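Number of protein chains: 2
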Amino acid sequence: MATSTLQDLLIETLRDTYHAEKQLVKALPRMAKAATSEELKAAFNNHLAVTVEQVNRLEQAFELLGAPVRSKRCAAMEGLIEEGKELINEDIEPQVLDAGLIAAAQKVEHYEIAAYGTLRTWAEMLGHTEAAELFQTTLDEEAEADETLTQLAESGVNAEANSAGVEEEDER
Amino acid sequence: MATSTLQDLLIETLRDTYHAEKQLVKALPRMAKAATSEELKAAFNNHLAVTVEQVNRLEQAFELLGAPVRSKRCAAMEGLIEEGKELINEDIEPQVLDAGLIAAAQKVEHYEIAAYGTLRTWAEMLGHTEAAELFQTTLDEEAEADETLTQLAESGVNAEANSAGVEEEDER
Numbered sequence: 001m002a003t004s005t006l007q008d009l010l011i012e013t014l015r016d017t018y019h020a021e022k023q024l025v026k027a028l029p030r031m032a033k034a035a036t037s038e039e040l041k042a043a044f045n046n047h048l049a050v051t052v053e054q055v056n057r058l059e060q061a062f063e064l065l066g067a068p069v070r071s072k073r074c075a076a077m078e079g080l081i082e083e084g085k086e087l088i089n090e091d092i093e094p095q096v097l098d099a100g101l102i103a104a105a106q107k108v109e110h111y112e113i114a115a116y117g118t119l120r121t122w123a124e125m126l127g128h129t130e131a132a133e134l135f136q137t138t139l140d141e142e143a144e145a146d147e148t149l150t151q152l153a154e155s156g157v158n159a160e161a162n163s164a165g166v167e168e169e170d171e172r
Numbered sequence: 001m002a003t004s005t006l007q008d009l010l011i012e013t014l015r016d017t018y019h020a021e022k023q024l025v026k027a028l029p030r031m032a033k034a035a036t037s038e039e040l041k042a043a044f045n046n047h048l049a050v051t052v053e054q055v056n057r058l059e060q061a062f063e064l065l066g067a068p069v070r071s072k073r074c075a076a077m078e079g080l081i082e083e084g085k086e087l088i089n090e091d092i093e094p095q096v097l098d099a100g101l102i103a104a105a106q107k108v109e110h111y112e113i114a115a116y117g118t119l120r121t122w123a124e125m126l127g128h129t130e131a132a133e134l135f136q137t138t139l140d141e142e143a144e145a146d147e148t149l150t151q152l153a154e155s156g157v158n159a160e161a162n163s164a165g166v167e168e169e170d171e172r
């Protein structure tokens, strides 16, 4: 009923993404606090500032599309954030926790990469050029954030997790 | 408690991913049935065959890692699949539904891209070379599936959704 045209689906996806980003604004400070590595803390705090700006961009997009700013519950992002919370509450080596936090954050980034890719493509097809550019800007930022996390995962942070967690397997 | 080393976290993530893939095996036939475009139906059916093979690969990975084959409920994937189900049940133009199904499937693919990237990196760090190769093979397949969906989204399928759903906006 609510969704019958591509424009409707675009607005609905925008609402879903808006809810996802707002949940992330609440989750990132918890993740920064839980992180051990200073680099990872900095990456989460930096991404919080970026995410706040992305929320603003979504609000601009609502205006450009002539739709009221509204959230729609995003069950997938709730699940992703729930997984991060469970991790923080586990009894776990600090460096292993860092590795897990990176993994949780990369799932969130990939969710957003898929969402903004869809928003950008649909906005372009419907002739909403300015909104499409906003979505592209955020998409580029999300891809960059994912790349930063991959570098952290492959370099220091996971190496520390490895040596902290599995010293006994290290004798080969 | 359960998770204290990177090896434990790897096994836990493997269980989570196993649950996610098994849910996807159940969801893909529904998505293929709901799709209108023959190309999209074929893409979903093809990805079902690929996913069944990916489930087998995960079972091999459990064996290589010396862990029993077990699932752990993956709330994020449940949320993603729930979103797809809601879409199928909406009153929606068939071509617009196709666009929405592509978007839902791309979120699933990106979830898996993040998951397999993590599994591959951790397996490498822990010296599980053979398991890392299995994860890399699946990661490549997921990236390819995402690319196929992007092509479908940018070409025929969304163009049809556009002309079906927003004819009234077409007079500029």
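Chains as they are written, first to last, in the numbering used here: chain A, 1 to 172; chain B, 1 to 172.
Note that beta-carbon positions come from the ideal geometry of N, C-alpha and C, so glycine has one too.
This structure is a prediction, so every number in the text was calculated from the model and none was measured.
Within 7 Å, strictly: CB atoms of residue i and residue j
i	j	result
A145(A)	E109(A)	yes
S4(A)	E93(B)	yes
L149(B)	Y116(B)	no
E59(A)	V69(A)	yes
A35(B)	K41(B)	yes
R57(B)	L10(B)	no
R31(B)	L101(B)	It is worth fixing the name first, because residue 31(B) is Met in this sequence and not Arg. For M31(B) and L101(B), yes; Cβs fall inside 7 Å.
W122(A)	L24(A)	no
T137(A)	A103(B)	no
Backbone CA spacing between residue i and residue j [nearest angstrom]
i	j	result
M125(A)	A105(A)	30 Å
K33(A)	A99(B)	39 Å
L48(B)	E141(A)	32 Å
E53(B)	K22(B)	11 Å
V55(A)	D8(A)	20 Å
I113(B)	K107(A)	8 Å
A20(B)	T13(B)	10 Å
A67(B)	Q95(A)	23 Å
I88(A)	A143(B)	30 Å
L28(B)	H128(A)	31 Å
Cβ of residue i within 7 Å of any chain B Cβ
i	result
L106(A)	The amino acid at residue 106(A) is misidentified as Leu; the sequence shows Gln. Interface residue, yes.
V155(A)	Reading the sequence as shown, one finds Ser at residue 155(A) and not Val. No, S155(A) lies away from the interface with chain B (no Cβ there is under 7 Å from its Cβ).
A35(A)	no
H110(A)	yes
T118(A)	yes
Residue-level contact to chain A via CB, residue i, 7 Å cutoff
i	result
M1(B)	Residue placement at M1(B) cannot be trusted, given a pLDDT of 46 that sits under 50; what the coordinates show is reported in the next sentence. Taking Cβ atoms only, chain A reaches closer than 7 Å to M1(B), which makes this a yes.
T51(B)	no
I113(B)	yes
G66(B)	no
A103(B)	yes
A61(B)	no
E171(B)	Because E171(B) carries a pLDDT of 38, less than 50, the predicted location of this residue cannot be relied on, and the following value inherits that uncertainty. It does not; no Cβ of chain A falls within 7 Å.
Contact list for residue i against chain E, beta-carbon separation under 7 Å
i	result
T148(B)	Among the protein chains in the structure shown, which are A and B, there is no chain E.
* Does the segment 76-85 of chain B come within contact of the segment 71-88 of chain A, defined as at least 3 CB pairs closer than 8 Å? -> yes
Closer than 7 Å, Cβ to any Cβ of chain A: which residues of the segment 69-95 of chain B, in chain order? Look at the segment 69-95 of chain B: the residues with a C-beta under 7 Å from a C-beta of chain A are A75, A76, E78, G79, L80, E82, E83, E90, D91, I92 and E93.
Against chain B: residues of the segment 4-16 of chain A by CB proximity under 9 Å
Within the segment 4-16 of chain A, the qualifying residues are S4, T5, L6, Q7, D8, L9, E12, T13 and D16.
If contact means a Cβ-Cβ distance below 8 Å, which residues of the segment 118-143 of chain A contact chain B? T118, T121, W122, M125, L126 and G127
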